[in-house]
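The structure appears right after this line, and notes come after that.
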Amino acid sequence: MRVNTAPGRPTDRQPALPEYVIRRARTADVRAIRRLVDAYSADRILLSKEMVTLYEDIQEFWVPTREDGEVLGCGALHVIWEDLGELRTLAVDPTHVGLGVGRTLVNALLDRARALGVGRVFCLTFETDFFTAAGFEEIEGTPVSAPVYAQLLQS
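Residues in the sequence shown are numbered consecutively from 14, following the working numbering.
Here you go:
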């Protein structure tokens with residue numbers, strides 16, 4: 014997916030951004046993902062992750078990147094059950110927050126969930142305003158039945 018986030022002429026309020034591509038993450042992206050996670054885990058917005066965990070989970074990650082390879086953000090889709098997935102580790106480089114990169118990444122992850130047949134997606138977050146604006150709703154309890162929840166506790 015190629016995205017141009019600043020159509021038309023840039024103004025003082027709308028900075029010009031180069032196009033970027035949202036693609037599957039590669040092992041070479043792990044250090045950039047780690048940098049993004051560290052930027053937000055210090056403030057307890059994201060959970061810190063060990064490098065080994067990022068490498069193990071790299072197949073779940075997608076990254077928006079510029080033509081020069083700069084990683085602007087990251088996000089992961091973790092399939093939990095037949096029809097249930099979780100958005101994880103969504104982060105945007107602090108210099109690009111508020112420019113639509115995160116929203117575009119969420120949409121790409123939701124498209125991927127639909128392509129896999131995952132009809133329900135949730136996220137555990139303190140950033141409720143962002144996710145509400147993206148169409149998520151707060152829920153009470155667990156998003157699965159008690160038998161499924163018992164199996165998930167064993168994984």
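All C-beta atoms in this analysis are idealised placements derived from N, C-alpha and C, irrespective of residue type, glycine included.
Exercise. Hey, out of D106, H91, T108 and P107, whose CA is closest to L100's CA?
Worked result: H91
Exercise. Is the segment 113-122 close to the segment 73-88, with three or more CB pairs under 8 Å?
Worked result: yes
Problem set entry | alpha helix (DSSP H) runs contained entirely in the segment 63-100, provided each spans 4 or more residues | 64-69
Exercise. Taking buried to mean at least 16 other C-beta atoms within 10 Å of its own C-beta, is L137 buried or exposed?
Worked result: exposed
For this session: Enumerate in chain order the residues of its own chain whose CB-to-CB distance from P107 is below 8 Å, with the five nearest sequence positions on each side excluded.
Result: A52
For this session: Within the segment 114-151, note down every full beta strand (DSSP E) run reaching 3 residues or more, in order along the chain.
Result: 133-135
Exercise. Measuring CB to CB, does R127 end up less than 7 Å from D96?
Worked result: no
Exercise. Mapping DSSP to helix, strand and coil, what is R22?
Worked result: Only weak support is given to the placement of R22: the predicted model assigns it a pLDDT of 38, under 50, and the question is left unresolved by the model.
For this session: Compute the Euclidean distance between the alpha carbons of A55 and A45, then round it to the nearest angstrom.
Result: 16 Å
Problem set entry | I152, buried or exposed, once every other Cβ within 10 Å from all chains shown has been counted against 16 | exposed
Exercise. On the three-state DSSP scale, how would you describe T155?
Worked result: coil
Exercise. Near F139, what residues of its chain come up, given a Cβ to Cβ distance below 7 Å and the 5 sequence neighbours on each side ignored?
Worked result: I58
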